[in-house]
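Note that the protein sequences, when read in sequence, are chains A and B. The first sequence begins at 360 in the working numbering and counts up one residue at a time. The second sequence begins at -6 in the working numbering and counts up one residue at a time. Just so you know, even glycine gets a beta-carbon here, dropped at the ideal spot from N, CA and C.
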Amino acid sequence: GAGVSQTPSNKVTEKGKYVELRCDPISGHTALYWYRQSLGQGPEFLIYFQGTGAADDSGLPNDRFFAVRPEGSVSTLKIQRTERGDSAVYLCASSLDRQRGTQYFGPGTRLLVL
Amino acid sequence: AQKITQTQPGMFVQEKEAVTLDCTYDTSDQSYGLFWYKQPSSGEMIFLIYQGSYDEQNATEGRYSLNFQKARKSANLVISASQLGDSAMYFCAMREGPWGNKLVFGAGTILRVKS
Chain A
360 GAGVSQTPSN KVTEKGKYVE LRCDPISGHT ALYWYRQSLG QGPEFLIYFQ GTGAADDSGL
420 PNDRFFAVRP EGSVSTLKIQ RTERGDSAVY LCASSLDRQR GTQYFGPGTR LLVL
Chain B
-6 AQKITQTQPG MFVQEKEAVT LDCTYDTSDQ SYGLFWYKQP SSGEMIFLIY QGSYDEQNAT
54 EGRYSLNFQK ARKSANLVIS ASQLGDSAMY FCAMREGPWG NKLVFGAGTI LRVKS
């Protein structure tokens, strides 16, 4: 079956602009996660959705970052007034098995803020 | 304090040999899960293996096995019969609590398989 998909695969923007990153989880997966991976580091948790609601947004770095999942499937991560430090790979994951919590990741969106 | 520590920034292994990638973790929870992911140069995170804190047997998935030593808080990944395609970055991660959601990742170990 289809895995997690993310669009765009690459995004170049200018400092101060607004960007949206999209994630389409594996069909039937109710849990969805966003992570950010800076160069040479492991992914860092941003936000977790169970269904339509953000169950844990403790990883969002500041109020410029916001994410939605209005119908419990596709999610959009929104970044306002982008800064050069926002440049990273943004990874989305989804999971079905709540006991193990195995998360399956998408290919990521590489964001470059000039 | 680091939750997940991977002390080997890089490792080399000869093709067809076995290699162990180290991972130690820190948690006060009794229930937790440990995961290993592979990240090739393409960037996608590929799930390899899972070990639950209450699992008595070490997890195995094909050529991957997890050497789980609970008292030492270590969860080392063993790759047997290395292949050139195993060259990648490997991340150890932990989910805390019985219904924990987020994964906490280590810094990763880059593995290079030599022919």
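Requested in this report: May I ask you to report which of helix, strand or coil DSSP gives A/ARG324?
Outcome: With chain A covering 360 to 473 only, the question about residue 324 of chain A has no answer from this structure.
Query raised in the report: Whose C-alpha, out of B/SER34, B/THR17, B/SER21, B/ASP22, is nearest the C-alpha of B/ASP79?
Result: B/SER34
Query - Start-to-end residues for the beta strand (DSSP E) that takes in A/ASN369 - result: 369 to 372
Query raised in the report: Would A/ALA426 count as contacting chain B if we go by Cβ distances under 8 Å?
Result: no
Requested in this report: Indicate the three-state DSSP secondary structure (helix, strand or coil) for A/ARG443 in the structure shown.
Outcome: helix
**Report entry** A/SER364: first and last residue of the uninterrupted beta strand (DSSP E) it sits in
**Finding:** 364 to 366
Report task. Please name the residue or residues paired with B/GLU37 in a DSSP beta bridge. Result -> B/GLU37 pairs with nothing; no bridge assigned.
Query raised in the report: According to DSSP, which residues form a beta bridge with B/ILE103?
Result: B/GLY3, B/MET82
Query - Neighbourhood of A/SER518 by C-beta, 6 Å cutoff - its chain only, sequence neighbours within 5 removed - result: With chain A covering only 360 through 473, there is no way to say anything about residue 518 of chain A.
Query raised in the report: Bridge partners of B/PHE58, per DSSP?
Result: First, the amino acid is wrong: residue 58 of chain B is Ser here, not Phe. Beta-bridge pairing links B/SER58 to B/THR53, B/VAL71.
**Report entry** 8 Å Cβ cutoff, B/LYS95 in contact with chain A
**Finding:** yes
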